[in-house]
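Novice: Please see the structure below; I have some questions.
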Amino acid sequence: MAEKKRIVILGGGYGGLTAAQKLNKLLARRDDVEIYLINRSPFQVYLTELHLVAGNRVKPEGVLYSLEKALEETGVRLVVDEIEDADMKSRILKGKKAEYPFDYLILACGSQPEYFGIPGMKENAFTLWSLEDALKIRHRVEEMFDKARYELDGEKRREYLTFVVGGGGFTGIEMIGELVEWVEDLCREYGISRDEVTLMVVEALPKILPNLSDELIKKATDYLERNKVKILLNSPIVNVEPDGFTLKSGEKIKTRTLIWTGGVRGNQLAEKLGLETGGRGRIRVNEYLETSEKGIYAIGDVSFYVNEKNFVMPALVESAMQSGECAAHNIAAEISGGSKKPLKLNLHGNMVSIGERYCVAEVMGRKLEGWIATFIKHLADMHYLLGVGGWTFVREYIGHQFFNKNRGKSFIVQNLGVSTSAFWLAILRIYLGYRWIMSGLEKVHSGWLAAGDKLVAGASTSPIGPNTPEWYASFVEKFIFPHALFFQTVITLSELAIGTCLVLGLFTMLASLGSLFMLLNFMISGSGDMWFFMVSLAVCFSGAGHSFGLDRWAIPWISRVAKRIIRGGGRKPALPGSIHDVVG
């Protein structure tokens, strides 16, 4: 029997995870291939959201997503180890726990901060490149407020309450945006006036957010300045000390908290591999994302890809995922004898959240700001998570972003998020289902499935009431009334189906959403019950189908089947075992 080809993906970020899932799908029918994903932890850390942890908006677990869940129902084996060295000629990765031979390798090990040789920067500044970094920043900010409230020396107090972000790119502006909002809470908590706190962005270039249009840069700048953020442009930092830093102009700024986001370079492992590198230590790749060593590919932040128009691939989630798919396709093509394809980036835009209350975005040529840009950013985040982890990741994201976060909860969200007895929620769900079944049966007995005039005749059944908006009334008269029997049938059967599902606790979320949709239409027509609507809302977001309901068994089973279909099926799922079992 021929020896199996071993494909190893190093790094479980968006690029690496996308590549692993794509390879599994493309090679699902082959028994002569093994796929391994090696990551230093069992979780994917959502690096672009670390500022939310550093700014105490979400809890640390809010940026962690289980790789094991993401790889369910695939043939990809997850290996948790930290790779310290490699031999590209012998094709062996050397980890802390074991060595891993490979035939094909995808390097997706990301990047690390670039200090540009600035004296004292690495030793004295905070970075935002790992969960550990984010927690250090959060603790430092709290520590400085705690020290400041007891400090009588005015100069030291100012140092404690001065928070500086070095670098005005996406990460830097998102970090200062979190501080803008968090500082308001901290000032109230520690009894310190907001006027005593200095927030500052120091940028070496003539503008912040250089990848955005001038229009959006101005909007972002205006927002920050309205919120008392000082922005220093054309101000390179040339030296950093424990109690401050010096600018090229000679100006010295006193602070105990400098957060450095001024640049990135390829992961330090990339420099040990002996592969050809490009800008800032990243691994140079060709149009197929193959490195200078055949069969070894590099994707995402660690790769230096330049297209025919001299455009350098940016360090974005979208870039990582698209490069991961491309590298996976090309390895599968090598193994199966197919044709390779070059990378064709199709980037849809950039979004920068400046705290929870404000965002600027450039999406498909449109310039957006405010709540609509924030909404689009949340949709984009959920789209990426759906792609790599399915609805489980999306559900976790919604929980961390809106319900289980540390600060910024609205009154409604706070009350919706209060833990409630599952037993009473189940009773509420069953009662709601009973009401829908009774409403549907009443319509059956009234002849809604046989006569086509029930919606048109009578104030009690007509969807047009005295307070119905004109646009809705026009829609009903022109579209619904001419097809009355059809809509009567749909409404009646929907009420019966929604009610049955709620009583059984089956597909509770979908049934609750259907309930909300029906009730919204009834309320617009002036015949809805607001109390009924709020009951539906509570059931929808409570997970009530898992208590005394069939969802406890049905949803996990459907999830497994869906993952098997979406993620390729065919391949024998990876079996648990020791790390030595993995490498054989």
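Per the numbering used here, the very first residue in the sequence shown carries number 27; after that it's consecutive.
For each residue, glycine too, the CB sits at the ideal point set by N, CA and C.
A quick note: this is a predicted structure, and the numbers were derived from the prediction, not measured.
According to DSSP, which residues form a beta bridge with residue 103?
Specialist: Within the sequence shown, numbered from 1, the residue matching residue 103 stands at position 77. Its beta-bridge partners are 62.
Novice: Suppose the cutoff is 6 Å on Cβ atoms and the five residues either side in sequence are ignored; what does the same chain contact list for residue 266 look like?
Specialist: On the sequence shown, position 240 is the one that residue 266 refers to. Hits under 6 Å: 146, 147, 150, 151.
Novice: Which of helix, strand or coil does DSSP assign to residue 281?
Specialist: Locating residue 281 in the sequence shown gives position 255, counting from the first residue. If DSSP states are grouped into helix, strand and coil, residue 281 belongs with coil.
Novice: Skipping 5 residues on each side, what residues in its chain have a beta carbon closer than 8 Å to that of residue 87?
Specialist: Residue 87 sits at position 61 when you count from the first residue of the sequence shown. Only 426 meet the Cβ criterion.
Novice: According to DSSP, residue 379 sits in a beta bridge with which residue or residues?
Specialist: On the sequence shown, residue 379 is found 353 positions in, with the first residue counted as 1. Beta-bridge pairing links residue 379 to 385.
Novice: Alpha carbons only, please: which of 157, 292, 218 is nearest the one belonging to residue 168?
Specialist: As a first step, residue 168 is located in the sequence shown; it is residue number 142 there, counting from the start. Nearest C-alpha to residue 168: 218.
Novice: Thinking C-alpha only, which one of 531, 410, 83 is nearest residue 91?
Specialist: As a working mapping, residue 91 is identified with position 65 in the sequence shown. The candidate whose alpha carbon is nearest that of residue 91 is 410.
Novice: Pick out whichever of 479, 476, 579, 459 has its Cα sitting closest to the Cα of residue 520.
Specialist: Reading the sequence shown from its first residue, position 494 is the one you call residue 520. The shortest C-alpha separation from residue 520 is found at 459.
Novice: List the residues that DSSP assigns as beta-bridge partners of residue 286.
Specialist: Residue numbering aside, residue 286 sits at position 260 when the sequence shown is read from its first letter. Answer by DSSP bridge pairing, in chain order: 153, 192.
Novice: Just how far apart, CA to CA, sit residue 399 and residue 242?
Specialist: If you number the sequence shown from 1, residue 399 lands on position 373. If you number the sequence shown from 1, residue 242 lands on position 216. Near 11 Å, if we compare the C-alpha coordinates of residue 242 and residue 399.
Novice: Which residue or residues does DSSP assign as beta-bridge partners of residue 131?
Specialist: Within the sequence shown, residue 131 is the residue found at index 105, counting from 1. Answer is 34, 322.
Novice: For residue 384, which residues of its own chain have a beta-carbon under 6 Å away from its beta-carbon, when the five flanking residues on both sides are left out?
Specialist: Here residue 384 refers to the residue found at position 358 of the sequence shown. These residues qualify, in order along the chain: 249.
Novice: Quick check on the DSSP output: the beta strand (DSSP E) that includes residue 392 runs from which residue to which?
Specialist: Here the question's residue 392 lines up with position 366 in the sequence shown. From DSSP, the beta strand (DSSP E) with residue 392 extends over 392-395.
Novice: For residue 75 and residue 419, what's the separation of their Cα atoms in angstroms?
Specialist: Here residue 75 corresponds to residue number 49 of the sequence shown, with the count starting at 1. Here residue 419 corresponds to residue number 393 of the sequence shown, with the count starting at 1. Near 14 Å, if we compare the C-alpha coordinates of residue 419 and residue 75.
Novice: Taking the alpha carbon of residue 478 as the reference point, which residue from 337, 513, 129 has its own alpha carbon closest?
Specialist: Here residue 478 corresponds to residue number 452 of the sequence shown, with the count starting at 1. Minimum Cα distance to residue 478 is reached at 513.
Novice: What are the start and end residues of the alpha helix (DSSP H) that includes residue 500?
Specialist: Here residue 500 is taken as the residue at index 474 of the sequence shown, counted from 1. It spans 496-501 - the alpha helix (DSSP H) in which residue 500 sits, taken as one unbroken run.
Novice: DSSP puts residue 125 in a beta bridge; with which residues?
Specialist: The residue you call residue 125 lines up with position 99 of the sequence shown. Beta-bridge pairing links residue 125 to 120.
Novice: I think residue 259 touches residue 233, with their Cβ atoms under 8 Å apart; what is that distance to the nearest whole Å?
Specialist: The residue you call residue 259 lines up with position 233 of the sequence shown. The residue you call residue 233 lines up with position 207 of the sequence shown. Their Cβ separation, rounded to whole angstroms, is 6 Å, which keeps residue 259 and residue 233 in contact under 8 Å.
Novice: With three or more C-beta pairs closer than 8 Å as the rule, is the stretch 312-320 touching the stretch 173-191?
Specialist: Not touching, per the Cβ criterion.
Novice: Is it true that the CB of residue 255 sits closer than 8 Å to the CB of residue 209?
Specialist: Residue numbering aside, residue 209 sits at position 183 when the sequence shown is read from its first letter. Residue numbering aside, residue 255 sits at position 229 when the sequence shown is read from its first letter. Not closer than 8 Å, so no.
Novice: Given a cut-off of 8 Å on the beta-carbon distance, is the pair residue 41 and residue 349 in contact?
Specialist: In the sequence shown, the residue the question calls residue 41 occupies position 15. In the sequence shown, the residue the question calls residue 349 occupies position 323. A contact, by the Cβ cut-off of 8 Å.
Novice: Does the contact criterion of 3 or more C-beta pairs under 8 Å hold for the stretch 45-63 versus the stretch 373-381?
Specialist: Result no; under three Cβ-Cβ pairs closer than 8 Å.
Novice: The alpha helix (DSSP H) with residue 226 in it runs from where to where?
Specialist: As a working note, residue 226 is residue 200 in the sequence shown. It is not in any alpha helix (DSSP H) - residue 226 instead sits in the beta strand (DSSP E) that spans 224-228.
Novice: Per DSSP, which residues does residue 316 bridge with? Please list them.
Specialist: For the purposes of this step, residue 316 is taken as residue 290 along the sequence shown, with counting starting at 1. Answer is 323.
Novice: By Cβ distance, which residues of its chain are closer than 8 Å to residue 359, with the 5 residues on each side in sequence left out?
Specialist: Locating residue 359 in the sequence shown gives position 333, where the first residue counts as 1. For residue 359, where only same-chain residues beyond five positions count, the Cβ hits under 8 Å are 365, 366, 367.
Novice: Quick check: the stretch 109-116 against the stretch 43-54, are there 3 or more CB pairs under 8 Å?
Specialist: No, they do not touch.
Novice: Give me, in chain order, the residues of the same chain whose beta-carbon lies closer than 7 Å to that of residue 30; leave out the 5 immediate sequence neighbours on both sides.
Specialist: Taking the first residue of the sequence shown as position 1, residue 30 is located at position 4. Cβ neighbours of residue 30 beyond the five flanking positions: 58, 59, 60.
Novice: Roughly how many whole angstroms lie between the Cα atoms of residue 476 and residue 515?
Specialist: Start at 1 with the first residue of the sequence shown, and residue 476 comes out as number 450. Start at 1 with the first residue of the sequence shown, and residue 515 comes out as number 489. The alpha-carbon atoms of residue 476 and residue 515 are separated by roughly 9 Å.
Novice: Which value, in whole angstroms, describes the spacing of the CA atoms of residue 501 and residue 548?
Specialist: The residue given as residue 501 occupies position 475 in the sequence shown. The residue given as residue 548 occupies position 522 in the sequence shown. So the alpha carbons of these two residues sit roughly 14 Å apart.
Novice: Between which two residues does the beta strand (DSSP E) holding residue 265 run?
Specialist: Stepping through the sequence shown from its first residue, residue 265 is reached at position 239. Looking at the DSSP string, the run of the beta strand (DSSP E) that includes residue 265 is 263-267.
Novice: Taking all protein chains shown into account, do 16 or more other C-beta atoms lie within 10 angstroms of the C-beta of residue 67, making it buried, or fewer, making it exposed?
Specialist: Position 41 of the sequence shown, counted from the first residue, corresponds to residue 67. Burial call: exposed.
Novice: Identify, in the order they occur along the chain, each residue of the same chain with its Cβ nearer than 7 Å to the Cβ of residue 470, setting aside the five sequence neighbours on each side.
Specialist: The sequence position of residue 470 within the sequence shown is 444, counting from 1. Around residue 470: 518.
Novice: Excluding five sequence neighbours on each side, which residues of the same chain lie with their C-beta closer than 7 Å to the C-beta of residue 407?
Specialist: In the sequence shown, the residue the question calls residue 407 occupies position 381. The residues are 423.
Novice: Across which residues does DSSP place residue 256 in a beta bridge pair?
Specialist: As a first step, residue 256 is located in the sequence shown; it is residue number 230 there, counting from the start. Partner(s): 226.
Novice: According to DSSP, is residue 479 helix, strand or coil?
Specialist: Counting from one through the sequence shown, the residue named residue 479 turns up at place 453. Residue 479: coil per DSSP, three-state reduction.
Novice: Can you look up residue 472 in the DSSP assignment and give me helix, strand or coil?
Specialist: Along the sequence shown, one-based indexing puts residue 472 at 446. Three-state DSSP puts residue 472 in coil, outside helix and strand.
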